[in-house]
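Colleague: To convert, note that position 141 of the sequence shown is 232 in our numbering; the numbers rise steadily by one, no gaps. By construction, the Cβ of each residue, glycine as well, lies at the ideal position given by its N, Cα and C atoms. Note that the coordinates shown come from a computational prediction; the quantities given were computed from them, not determined experimentally.
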Amino acid sequence: MAKLTILEFPDPRLRKKARPVEAVDDALRATIDDMFETMYAAPGIGLAATQVDIHKRFLVADVSSDQSDPRVFINPVIVEKDGVTVTEEGCLSVPGYYEEVKRADTIRLKYLDRNGEVHEENLDGMLAVCVQHEIDHLDGKLFVDYISEAKRTRIRKRLEKDRRHQAAAVSA
Ligand code: GNR
Ligand code: NI
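1) Can the beta-carbon of alanine 112 be found closer than 7 Å to that of lysine 147?
2) Going by DSSP in three states, isoleucine 238 sits in which element: helix, strand or coil?
3) Could you tell me whether the Cβ atoms of leucine 229 and threonine 141 are closer together than 7 Å?
4) Kindly examine the ligand NI and report whether one of its heavy atoms sits closer than 6 Å to the Cβ of serine 159.
5) Going along the chain, which residues of its own chain have a beta-carbon closer than 6 Å to the beta-carbon of lysine 201, five neighbours each way excluded?
6) At which residues does the alpha helix (DSSP H) containing phenylalanine 127 begin and terminate?
7) Where are the beta strand (DSSP E) runs, 3 residues long or more, that stay fully inside the region 200-248, in chain order?
8) State the DSSP-derived secondary structure class of proline 101, mapped to helix, strand or coil.
9) For the ligand NI, is there any heavy atom lying closer than 6 Å to the beta carbon of serine 184?
10) Could you tell me which residues DSSP pairs with alanine 152 in its beta bridges?
11) Is the Cβ-Cβ distance between arginine 205 and valine 163 less than 7 Å?
12) Could you check whether the Cβ of histidine 224 sits closer than 6 Å to any heavy atom belonging to the ligand GNR?
13) For isoleucine 145, verify whether its CB is less than 6 Å away from any heavy atom of the ligand GNR.
14) Using C-beta distances below 8 Å, list every residue in its chain close to isoleucine 123, excluding the 5 sequence neighbours before and after it, in chain order.
So, in structure tokens, the structure goes:
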């Protein structure tokens with residue numbers, strides 16, 4: 092197992108569109124295990140492959156409070172959306188910033204599990220919000236794309252400044 096590096100906004104690699112997974116094999120399962128380790132360590136409730144510079148369509152999530160509900164969704168497709176919910180969202184790729192985002196409150200999701208078996212399942216609550224946030228990552232989209240350009244620019248500038256200060260502190 093290994094912890095992976097999470098890309099941060101405005102890294103252009105976060106804008107790549109992920110391609111479908113072609114084979115659910117041991118190599119993919121090993122990467123999934125690394126993504127869980129990375130997500131739990133962060134800590135976060137979801138992680139899309141795009142965030143660790145893997146441009147394939149899969150994601151992990153666990154919205155429980157005690158790491159008791161690990162979920163993997165491979166080649167996820169939302170086949171139905173219902174209702175509207177507004178959630179204060181954060182993102183491991185935009186550390187330290189939280190904004191309200193409007194999404195469907197229930198989704199019907201088609202996906203493959205870690206054995207390559209197809210499922211269709213209704214999701215609601217935080218898991219539905221999280222999966223929509225993660226599928227956005229697979230499409231190169233970030234939650235800051237839903238806020239004003241002025242706010243997004245301010246966040247980008249602050250993160251770039253933070254990172255310059257971090258780099259200076261490390262080399263000092
Ligand atoms: O840890 C996370 N929390 C969160 C809170 C509200 C809505 C979405 C999320 S996902 C986020 C982890 C992350 O960045 N996944 O891509
Ligand atoms: Ni995110």
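Modeller: Considering the structure as presented:
1) Looking up residue 112 in the sequence shown gives position 21. Looking up residue 147 in the sequence shown gives position 56. Here residue 112 turns out to be valine, not alanine, going by the sequence shown. In this structure, lysine 147 lies closer than 7 Å to valine 112 by Cβ.
2) In the sequence shown, residue 238 corresponds to position 147, counting from 1. Here isoleucine 238 sits in coil by DSSP.
3) For the purposes of this step, residue 229 is taken as residue 138 along the sequence shown, with counting starting at 1. For the purposes of this step, residue 141 is taken as residue 50 along the sequence shown, with counting starting at 1. Yes, Cβ-Cβ distance for leucine 229 and threonine 141 is below 7 Å.
4) Position 68 of the sequence shown holds residue 159. It does not: the Cβ of serine 159 is nowhere closer than 6 Å to a heavy atom of the ligand NI.
5) As a position in the sequence shown, residue 201 is number 110, starting the count at 1. Same-chain partners within the cutoff: Val168, Val170, Glu211.
6) Along the sequence shown, read from residue 1 onward, the residue named residue 127 stands at position 36. In the DSSP assignment, phenylalanine 127 falls within the unbroken alpha helix (DSSP H) covering 117-132.
7) If we require 3 residues or more, the beta strand (DSSP E) runs fully inside the region 200-248 come out as 209-215.
8) Here residue 101 corresponds to residue number 10 of the sequence shown, with the count starting at 1. In the structure shown, proline 101 sits in coil (DSSP, three-state: anything other than H, G, I, E or B).
9) Along the sequence shown, read from residue 1 onward, the residue named residue 184 stands at position 93. Indeed, a heavy atom of the ligand NI lies less than 6 Å from the Cβ.
10) Within the sequence shown, the letter at position 61 stands for residue 152. According to DSSP, which records beta bridges pairwise, alanine 152 is partnered with Gly137, Arg162.
11) The count along the sequence shown starts at 1 and reaches residue 205 at position 114. The count along the sequence shown starts at 1 and reaches residue 163 at position 72. Going by C-beta atoms, arginine 205 is nearer than 7 Å to valine 163.
12) Numbered from 1 along the sequence shown, position 133 holds the residue referred to as residue 224. Checking every heavy atom of the ligand GNR against the Cβ of histidine 224, one is found closer than 6 Å.
13) Position 54 of the sequence shown holds residue 145. Outside the cutoff, so no.
14) In the sequence shown, the residue the question calls residue 123 occupies position 32. Once the five neighbours on either side are set aside, the close Cβ partners of isoleucine 123 are Phe149, Val151, Val163, Arg205.
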